[in-house]
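Visitor: In full-length UniProt numbering, the protein residues as written are 1 to 313.
The beta carbon of each residue, even a glycine, is placed where N, CA and C say it ideally should be.
1) Which whole-angstrom value describes the C-beta separation of residue 259 and residue 304, a residue pair presumed to lie in contact below a C-beta threshold of 8 Å?
2) Quick test of your reading: residue 34 and residue 85, contact by CB under 8 Å. State the CB separation rounded to the nearest angstrom.
3) Report yes if the C-beta distance between residue 24 and residue 50 is below 7 Å; otherwise report no.
4) Whole angstroms is fine: what's the gap from residue 237's alpha carbon to residue 143's?
5) My guess is that residue 262 and residue 302 are in contact by the Cβ rule of under 8 Å, so how many angstroms apart are they, rounded?
6) Assuming residue 140 and residue 150 are in contact, meaning their beta carbons sit under 8 Å apart, how far apart are those beta carbons, in whole angstroms?
7) Taking three-plus beta-carbon pairs below 8 Å as touching, is the stretch 187 to 198 in contact with the stretch 111 to 130?
8) I'd like the span of the beta strand (DSSP E) that includes residue 242, first residue to last.
9) To the nearest whole angstrom, what separates the beta carbons of residue 178 and residue 205, a pair I think is in contact under 8 Å?
10) Taking residue 321 as part of the beta strand (DSSP E), name the residues at either end of that continuous run.
11) If you reduce the DSSP assignment to three classes, tell me which class residue 219 lands in.
12) Quick check on this structure: which residue in 220, 279 and 175 has the alpha carbon closest to the alpha carbon of residue 307?
13) State the DSSP-derived secondary structure class of residue 307, mapped to helix, strand or coil.
14) If you drop the 5 nearest sequence neighbours on each side, which residues of the same chain put their C-beta closer than 7 Å to that of residue 157?
15) Just to confirm, is the Cβ distance from residue 276 to residue 135 under 7 Å?
16) Between residue 185 and residue 164, how many whole angstroms is the CB-CB distance? I'm expecting something under 8 Å.
17) Answer with buried or exposed for residue 253, where buried requires no fewer than 16 other C-beta atoms within 10 angstroms of its C-beta.
18) In the DSSP assignment, find the alpha helix (DSSP H) that holds residue 181 and state where it starts and stops.
19) Do residue 47 and residue 89 count as a contact pair if the criterion is CB distance below 7 Å?
20) Residues in its own chain within less than 7 Å of residue 154 by CB, not counting five upstream and five downstream?
21) Straight-line CA distance for residue 26 to residue 80?
22) Can you tell me whether residue 280 is buried or exposed? The criterion is at least 16 other CB atoms within 10 Å of its CB, across all chains shown.
23) Report the rounded CA-to-CA distance for residue 228 versus residue 166, giving the unit in angstroms.
24) To the nearest angstrom, how far is the alpha carbon of residue 257 from that of residue 113?
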């Protein structure tokens with residue numbers, strides 16, 4: 001761009017009156033900055049200043065470098081600098097605007113995806129609640145005297161679903177390790193049950209679970225922990241509930257929820273157990289692609305353990 005401006009200035013030198021040494025260099029500086037960027041624009045301005053002084057003001061013309069010539073050079077440098085700065089900041093602002101537009105588009109897409117996922121999860125939760133109420137209805141139909149108990153159990157389970165839903169879609173959950181998430185969930189459930197005498201220990205690796213799997217896992221843990229608090233520590237008995245997730249092969253894990261409470265009744269047949277809680281646990285385990293194994297720990301202090309093997313999606 002500078003070479004073209006210099007050649008053009010020489011070409012029109014014979015037809016121009018004196019006093020126009022910078023005529024063709026202004027467009028060169030502007031175009032260089034506009035099309036090539038800041039550094040080429042500055043380079044063109046420096047070369048144009050030197051060329052105008054050498055070929056059209058100073059040595060090549062035999063003229064002395066007077067105050068007027070210096071003033072003209074200063075004006076050219078000042079105007080060229082202003083042009084370069086204006087063009088540079090205009091392009092910088094345009095780049096920032098484009099970056100913000102891209103960021104906004106990504107945020108919009110993320111929000112749209114999350115909203116669709118939220119709608120899907122809410123619909124699934126409503127279906128689960130409907131199924132839960134249907135089971136409670138059958139239970140009440142078989143024994144009408146337990147209507148209040150059934151309603152209270154339904155209320156507790158609905159409250160648990162609400163707690164899980166809030167935790168799953170809390171912004172801080174996005175970067176929360178699986179172990180910390182389950183630990184806070186268990187502590188929340190125990191606190192809501194008013195079981196101040198029961199503690200909770202969670203050991204789990206950070207798993208890459210999708211929202212569906214994490215929801216099912218959360219509801220399974222919540223159901224077992226709630227049952228443990230309700231049945232394993234009757235009579236104000238203090239104790240601890242442990243939740244462990246251990247690897248059992250490539251992309252396969254085992255969930256073990258144990259307590260040191262009263263333990264299971266002897267000769268318990270899980271297949272013949274018709275309790276609502278047990279049916280919910282078996283249904284949630286099936287959604288994870290696993291089966292429920294429930295046994296007494298056989299350790300000092302007794303207690304029961306529920307094991308579910310599952311695979312990552």
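Guide: Taking the coordinates as given:
1) 6 Å
2) Contact doesn't hold; Cβ gap of about 13 Å is too wide.
3) no
4) 30 Å
5) 7 Å
6) 5 Å
7) no
8) 239 to 247
9) 7 Å
10) Any property of residue 321 remains undetermined from this structure, which presents the chain solely from 1 to 313.
11) helix
12) 220
13) strand
14) 132
15) yes
16) 7 Å
17) buried
18) 178 to 192
19) no
20) 132, 133 and 136
21) 7 Å
22) buried
23) 23 Å
24) 33 Å
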